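Asks: One structure, pasted below without further comment.
Number of protein chains: 2
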Amino acid sequence: MDFRPEKLGAMRNIKLTVAYDGTSYCGFQEQRGTGLLTIQGELERCLHRLSGTTVRVIGAGRTDAGVHARGQVINFNAGGWNIPTERIPLAMNGCLPPDIAVVNSEDVPEDFHARFSAVSKTYRYAIYNSRIPDPMFSRYSYFVPKAIDFKAVREAAALLTGRHDFAAFKAEGSPVKSTVRHLFSLDVQDTSKIVELFFRGDGFLYNMVRIMTGTLLKVGLKKYPPEHVRLILEGRKRELAGPTVPPQGLCLMKVEYSI
Amino acid sequence: MDFRPEKLGAMRNIKLTVAYDGTSYCGFQEQRGTGLLTIQGELERCLHRLSGTTVRVIGAGRTDAGVHARGQVINFNAGGWNIPTERIPLAMNGCLPPDIAVVNSEDVPEDFHARFSAVSKTYRYAIYNSRIPDPMFSRYSYFVPKAIDFKAVREAAALLTGRHDFAAFKAEGSPVKSTVRHLFSLDVQDTSKIVELFFRGDGFLYNMVRIMTGTLLKVGLKKYPPEHVRLILEGRKRELAGPTVPPQGLCLMKVEYSI
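Chains as they are written, first to last, in the working numbering: chain F, 1 to 259; chain E, 1 to 259.
Here it is in structure tokens:
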């Protein structure tokens, strides 16, 4: 709690945790002038309606079209809005559509930035692994009816974990300074028909989680052995890695900060 | 297994268990000539495409617009379709949209009728009871942010259980011979934020589950005491009972047959 009342009207930095079903949206990031539905656009429209001021929000992860979130983090300057911080979720949930919800609010220091201050992000990719699909999970998972070799998937997952150049796991058309990232952990949970891959890292390249999942699935379906993942990492070419799995299995679970 | 090969081409009665997310559909029942999307329409379109014959399906429960199913049962005559019964789910799931799935298939005697042969149906009504909504459950539950008195709900639920005239719990405009039904059980499960009411009975009047839930919620929110439910039953007038809760919390879970 670093809320300094003397700064009211100047800068009042609010951090919100946001959950959404991304099915109906063209991703998190507002695409001004296009008329496309975005999560950021809905949040800003709601904040404008409630506060009467123009508000720009910063999101921790720019999730793609169809990708969901349970723990997206945003921050914005509420300097012009006279509402107690703890009341923001209730107020916003009253005007947001049912597929977006604010789950938490807190005051943060002026220099807190939802994206740049983040020290880790956790994404989950859900696979529905059964012969028969479940319509209630079709929006939230990727249906894979074939048998998956989880021992092989875990072996390959271990090879991806750590600090690597993930150039092979990056979609085209998204220039970045460095393609080195630290994947802190990659847990594979297959206790039921719903298989969940949890990726926690210091950052992810464009489509990196979906390409890693597509590659691990190829290992699980015995298209190549786990060790092949090492060659993909070393080769640093997108065409070496597996396909980009569809967006609906992906969910931004958590963003962590040092403060 | 009462499949008689000598009857092939004449009558081959197939029973399917079907699951669906009903959000995008105007209910189970086909509304010919309207162009409206229905579950029955999708199933018949798929069967026509696969079998090359015109097929009419009979559903156990005519679920309303927006209502889901995990265990809807249908039957149809597959006399003109040369496919082994056990392969039907895989074949149909390949041509049905992702929000409808066939989960089981079996041969049944000629006189099996999905609706008239049913001896019980189980519906679940899901309430999401938390101050903060969950976007991932918004399609599958009714969001109630206020505190619910579950002791009172269970007391009222016990009064509804048994053989009663449920005239007060029937929506207008659906003539039936008798409004007496036997509600075998009504279980209230509130172990988490997701509260589930399971209704098992020999049949349900139009909107009966949703009106019973609306009435139980009024008890849970302390609008009237549990005993009041007795007066509603005795009064036999729709206006005495609670409101019809929205469709997305409702799901047809199971249909049971004596054979």
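A virtual CB, placed ideally from N, CA and C, is assigned to each residue, including glycine.
Just so you know, these numbers come straight off a predicted model, no measurement behind them.
Would you mind telling me which residues of chain F sit closer than 9 Å to residue 134 of chain E, beta carbon to beta carbon, in chain order?
Replies: Counting from 1 along the second sequence, the entry for residue 134 of chain E is found at position 134. Near residue 134 of chain E (Cβ distances below 9 Å), the residues of chain F are 19, 70, 101 and 103.
Asks: For residue 175 of chain E, decide whether its Cβ has a neighbour in chain F, counting only Cβ atoms nearer than 8 Å.
Replies: Counting from 1 along the second sequence, the entry for residue 175 of chain E is found at position 175. Output row for residue 175 of chain E: interface = no.
Asks: Do you know whose CA, among E:180, E:247, E:254 and E:253, lies nearest residue 24 of chain E's CA?
Replies: Looking up residue 24 of chain E in the second sequence gives position 24. Measuring from the Cα of residue 24 of chain E, the nearest candidate turns out to be E:247.
Asks: Flag this pair as yes or no: are the beta carbons of residue 128 of chain E and residue 137 of chain E separated by less than 8 Å?
Replies: If you number the second sequence from 1, residue 128 of chain E lands on position 128. If you number the second sequence from 1, residue 137 of chain E lands on position 137. Yes.
Asks: Going by beta carbon distance, what residues of the same chain come within less than 8 Å of residue 3 of chain E, once the five residues before and after it are set aside?
Replies: On the second sequence, residue 3 of chain E is found 3 positions in, with the first residue counted as 1. Note that residue 3 of chain E scores a pLDDT of 42, beneath 50, so its modelled location is shaky and nothing firm can be said.
Asks: At the level of alpha carbons, what is the spacing between residue 198 of chain F and residue 82 of chain E?
Replies: Here the question's residue 198 of chain F lines up with position 198 in the first sequence. Here the question's residue 82 of chain E lines up with position 82 in the second sequence. Approximately 45 Å, taken between the alpha carbons.
Asks: Who pairs with residue 180 of chain F in a beta bridge, going by DSSP?
Replies: Here residue 180 of chain F refers to the residue found at position 180 of the first sequence. F:165, per the DSSP bridge assignment.
Asks: Identify, in the order they occur along the chain, each residue of the same chain with its Cβ nearer than 7 Å to the Cβ of residue 201 of chain F, setting aside the five sequence neighbours on each side.
Replies: By one-based count along the first sequence, residue 201 of chain F stands at place 201. Excluding residues within five positions, the ones whose Cβ falls inside 7 Å are 120, 121, 181, 182, 183 and 184.
Asks: For residue 21 of chain E versus residue 135 of chain F, is the C-beta distance shorter than 8 Å?
Replies: Counted from its first residue, the second sequence places residue 21 of chain E at position 21. Counted from its first residue, the first sequence places residue 135 of chain F at position 135. It is a contact, given that the beta carbons lie within the stated cut-off.
Asks: Whole angstroms is fine: what's the gap from residue 255 of chain F's alpha carbon to residue 155 of chain E's?
Replies: For this step, residue 255 of chain F is matched to residue 255 along the first sequence. For this step, residue 155 of chain E is matched to residue 155 along the second sequence. Spanning the two alpha carbons is a distance of roughly 44 Å.
Asks: Compute the Euclidean distance between the alpha carbons of residue 226 of chain F and residue 92 of chain F, then round it to the nearest angstrom.
Replies: Counting from one through the first sequence, the residue named residue 226 of chain F turns up at place 226. Counting from one through the first sequence, the residue named residue 92 of chain F turns up at place 92. C-alpha separation (whole angstroms): 46 Å.
Asks: Quick test of the definition: if touching needs 3 or more C-beta pairs under 8 Å, does the region 216-226 of chain F touch the region 34-41 of chain F?
Replies: Short answer: they don't touch.
Asks: What residue ranges within the region 24-96 of chain E form continuous beta strand (DSSP E) runs of no fewer than 3 residues, ordered along the chain?
Replies: The qualifying runs are 68-77.
Asks: What does a CB cutoff of less than 6 Å around residue 252 of chain E pick up in its chain, not counting 5 residues either side in sequence?
Replies: Your numbering for residue 252 of chain E matches position 252 in the second sequence. Hits under 6 Å: 61, 63, 69, 72 and 123.
Asks: Pair every Cβ in the region 143-152 of chain F with every Cβ in the region 229-236 of chain F, then say whether three or more of these pairs are closer than 8 Å.
Replies: Flag = no, the region 143-152 of chain F and the region 229-236 of chain F do not touch.
Asks: In terms of residue numbering, what span does the beta strand (DSSP E) encompassing residue 223 of chain E cover?
Replies: On the second sequence, position 223 is the one that residue 223 of chain E refers to. Looking at the DSSP string, residue 223 of chain E is not in any beta strand (DSSP E), and its letter there is neither H nor E.
Asks: Considering just the uninterrupted stretch of the beta strand (DSSP E) at residue 114 of chain E, what are its terminal residues?
Replies: Taking the second sequence and counting its residues from 1, the one referred to as residue 114 of chain E is at position 114. Here residue 114 of chain E belongs to no beta strand (DSSP E), and DSSP marks it neither H nor E.
Asks: Less than 8 Å between the beta carbons of residue 170 of chain E and residue 212 of chain E, yes or no?
Replies: Position 170 of the second sequence, counting from 1, holds the residue named residue 170 of chain E. Position 212 of the second sequence, counting from 1, holds the residue named residue 212 of chain E. No, the pair does not count as a contact, with Cβ atoms beyond the cut-off.
Asks: Find out if the Cβ-Cβ distance for the pair residue 97 of chain E, residue 133 of chain F is shorter than 8 Å.
Replies: Here residue 97 of chain E refers to the residue found at position 97 of the second sequence. Here residue 133 of chain F refers to the residue found at position 133 of the first sequence. No; because the gap between Cβ atoms is not below 8 Å, this pair is not in contact.
Asks: Note down, in chain order, every chain E residue with its Cβ under 8 Å from the Cβ of residue 138 of chain F.
Replies: In the first sequence, residue 138 of chain F corresponds to position 138, counting from 1. Correct list: 21, 98 and 99.
Asks: According to DSSP, is residue 137 of chain E part of a helix, a strand, or is it coil?
Replies: The count along the second sequence starts at 1 and reaches residue 137 of chain E at position 137. Helix.
Asks: Using the beta-carbon count (16 or more within 10 Å), is residue 95 of chain E buried or exposed?
Replies: Position 95 of the second sequence, counted from the start, is the residue given in the question as residue 95 of chain E. Its Cβ having fewer than 16 others within 10 Å, residue 95 of chain E is exposed.
Asks: Of the residues that make up the region 79-97 of chain E, which ones have a beta carbon closer than 8 Å to any beta carbon in chain F?
Replies: Within the region 79-97 of chain E, the residues whose Cβ lies closer than 8 Å to some Cβ of chain F are 89, 90 and 93, listed in chain order.
Asks: Can you grab the Cα-Cα spacing for the pair residue 139 of chain E / residue 249 of chain E, in whole Å?
Replies: For the purposes of this step, residue 139 of chain E is taken as the residue at position 139 of the second sequence. For the purposes of this step, residue 249 of chain E is taken as the residue at position 249 of the second sequence. If I take the Cα positions, the gap works out to 8 Å.
Asks: What do you reckon, are the CB atoms on residue 103 of chain F and residue 17 of chain F nearer than 8 Å?
Replies: Translated into the one-based positions of the first sequence, residue 103 of chain F becomes position 103. Translated into the one-based positions of the first sequence, residue 17 of chain F becomes position 17. Yes, these two residues count as a Cβ contact at 8 Å.
Asks: Kindly give me the distance between the Cβ atoms of residue 74 of chain F and residue 113 of chain F, rounded to whole angstroms, as I take these residues to be in contact under 8 Å.
Replies: By 1-based counting over the first sequence, the position of residue 74 of chain F is 74. By 1-based counting over the first sequence, the position of residue 113 of chain F is 113. In fact, because the Cβ distance is near 11 Å, the residues do not count as touching under 8 Å.
Asks: DSSP on residue 11 of chain E, reduced to helix/strand/coil?
Replies: Within the second sequence, numbered from 1, the residue matching residue 11 of chain E stands at position 11. Reduced to three states, the DSSP call for residue 11 of chain E is coil.
Asks: So, under 8 Å CB-CB, residue 125 of chain F and residue 219 of chain F are touching, yes? Tell me the CB distance rounded to an integer number of Å.
Replies: Numbered from its first residue, the first sequence carries residue 125 of chain F at position 125. Numbered from its first residue, the first sequence carries residue 219 of chain F at position 219. Their Cβ separation, rounded to whole angstroms, is 14 Å, which puts residue 125 of chain F and residue 219 of chain F out of contact at 8 Å.
Asks: Spatial neighbours of residue 174 of chain E within its chain, please: C-beta separation below 6 Å, excluding the five flanking residues on both sides.
Replies: Here residue 174 of chain E corresponds to residue number 174 of the second sequence, with the count starting at 1. If we look at residue 174 of chain E and ignore the five residues flanking it on each side, its Cβ neighbours are 206.
Asks: Go ahead and pull the three-state DSSP assignment for residue 203 of chain F.
Replies: Start at 1 with the first residue of the first sequence, and residue 203 of chain F comes out as number 203. It is coil, neither helix nor strand.
Asks: I need the straight-line Cα distance from residue 162 of chain F to residue 178 of chain F, nearest angstrom please.
Replies: Here the question's residue 162 of chain F lines up with position 162 in the first sequence. Here the question's residue 178 of chain F lines up with position 178 in the first sequence. Their backbone Cα atoms lie some 16 Å apart in a straight line.
Asks: Go ahead and pull the three-state DSSP assignment for residue 148 of chain E.
Replies: Stepping through the second sequence from its first residue, residue 148 of chain E is reached at position 148. Residue 148 of chain E falls in the coil class under three-state DSSP.
Asks: Using a Cβ-Cβ distance under 8 Å, would residue 14 of chain F count as near chain E?
Replies: Taking the first residue of the first sequence as 1, we reach residue 14 of chain F at position 14. With 8 Å as the cut-off, residue 14 of chain F does not count as an interface residue toward chain E.
Asks: Pick out whichever of E:186, E:214 and E:131 has its Cα sitting closest to the Cα of residue 192 of chain E.
Replies: On the second sequence, position 192 is the one that residue 192 of chain E refers to. For residue 192 of chain E, the nearest C-alpha among the options comes from E:131.
Asks: So what does residue 194 of chain E bridge to, in DSSP terms?
Replies: Locating residue 194 of chain E in the second sequence gives position 194, where the first residue counts as 1. According to DSSP, which records beta bridges pairwise, residue 194 of chain E is partnered with E:128.
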